[in-house]
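One rule links them: number in the working numbering = place in the sequence shown (from 1) + 81. Please read the structure below before turning to the comments.
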Amino acid sequence: MKMTSAKFGIGDRVIHRLFKFSGIIIDVDPEFNNDEEWWLGIPAEIRPKKEQPYYHLLALNEDESYKAYVSEQNLLSDVDVMPFDHPDLEDYFSVNNQGDLKSLNQNYN
């Protein structure tokens, strides 16, 4: 089995390379770990490879907040300093006055 290291970590702020929604990482899978139907639902011309880290995100776009599952190849670091206003943020992180995140899951600290 090939050892894979993730480019991003829990609490990192990212942006989707194609769809431009922003997100905060709440979990990482070392490779694709979702159902085949979900993966095949992605158009073939933009379907990412399975053998790479995949990230669970709290995601925001202009219209809504949601959770997303995204391949590493489709994520970029997001340097936006605007507050990340996702209704589930406090389920995963504590936030200090400077906006820094600390995971509430002790396995990540």
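Virtual Cβ for every residue (Gly too), placed ideally from N, Cα, C.
Please state whether the Cβ-Cβ distance between residue i and residue j is less than 8 Å.
{"i": "L138", "j": "F165", "result": "no"}
{"i": "L156", "j": "Y136", "result": "yes"}
{"i": "A87", "j": "E153", "result": "yes"}
{"i": "P111", "j": "P134", "result": "yes"}
{"i": "Y150", "j": "N115", "result": "yes"}
{"i": "I91", "j": "S175", "result": "no"}
{"i": "I107", "j": "D93", "result": "no"}
Could you give the first and the last residue of the continuous alpha helix (DSSP H) run that contains residue i?
{"i": "D172", "result": "L170 to Y173"}
{"i": "L121", "result": "E117 to L121"}
Give the straight-line distance between the Cα atoms of residue i and residue j, rounded to the nearest whole angstrom.
{"i": "K131", "j": "E117", "result": "10 Å"}
{"i": "T51", "j": "G104", "result": "Because the chain is modelled from 82 through 190, residue 51 falls outside the range shown and cannot be assessed."}
{"i": "E171", "j": "E126", "result": "36 Å"}
{"i": "P168", "j": "V162", "result": "18 Å"}
{"i": "Y189", "j": "S158", "result": "Note that Y189 scores 49 on pLDDT, short of 50, meaning its location in the model is unreliable; the coordinates nonetheless yield the value given after this. Straight-line Cα distance between these residues: approximately 20 Å."}
{"i": "N178", "j": "I96", "result": "23 Å"}
{"i": "V160", "j": "G180", "result": "13 Å"}
{"i": "L109", "j": "N186", "result": "Per the sequence presented here, residue 109 reads as Val, with Leu not at that position. Taking the straight line joining both Cα atoms gives about 13 Å."}
From the DSSP secondary-structure annotation, give me the bridge partner or partners of residue i.
{"i": "D110", "result": "Y135"}
{"i": "A149", "result": "L138"}
{"i": "L185", "result": "According to DSSP, which records beta bridges pairwise, L185 is partnered with nothing at all."}
{"i": "S103", "result": "I96 and L141"}
Please report the residue range of the beta strand (DSSP E) in which residue i lies.
{"i": "Y96", "result": "Rather than Tyr, the amino acid found at residue 96 in this sequence is Ile. Element bounds for I96: R94 to H97."}
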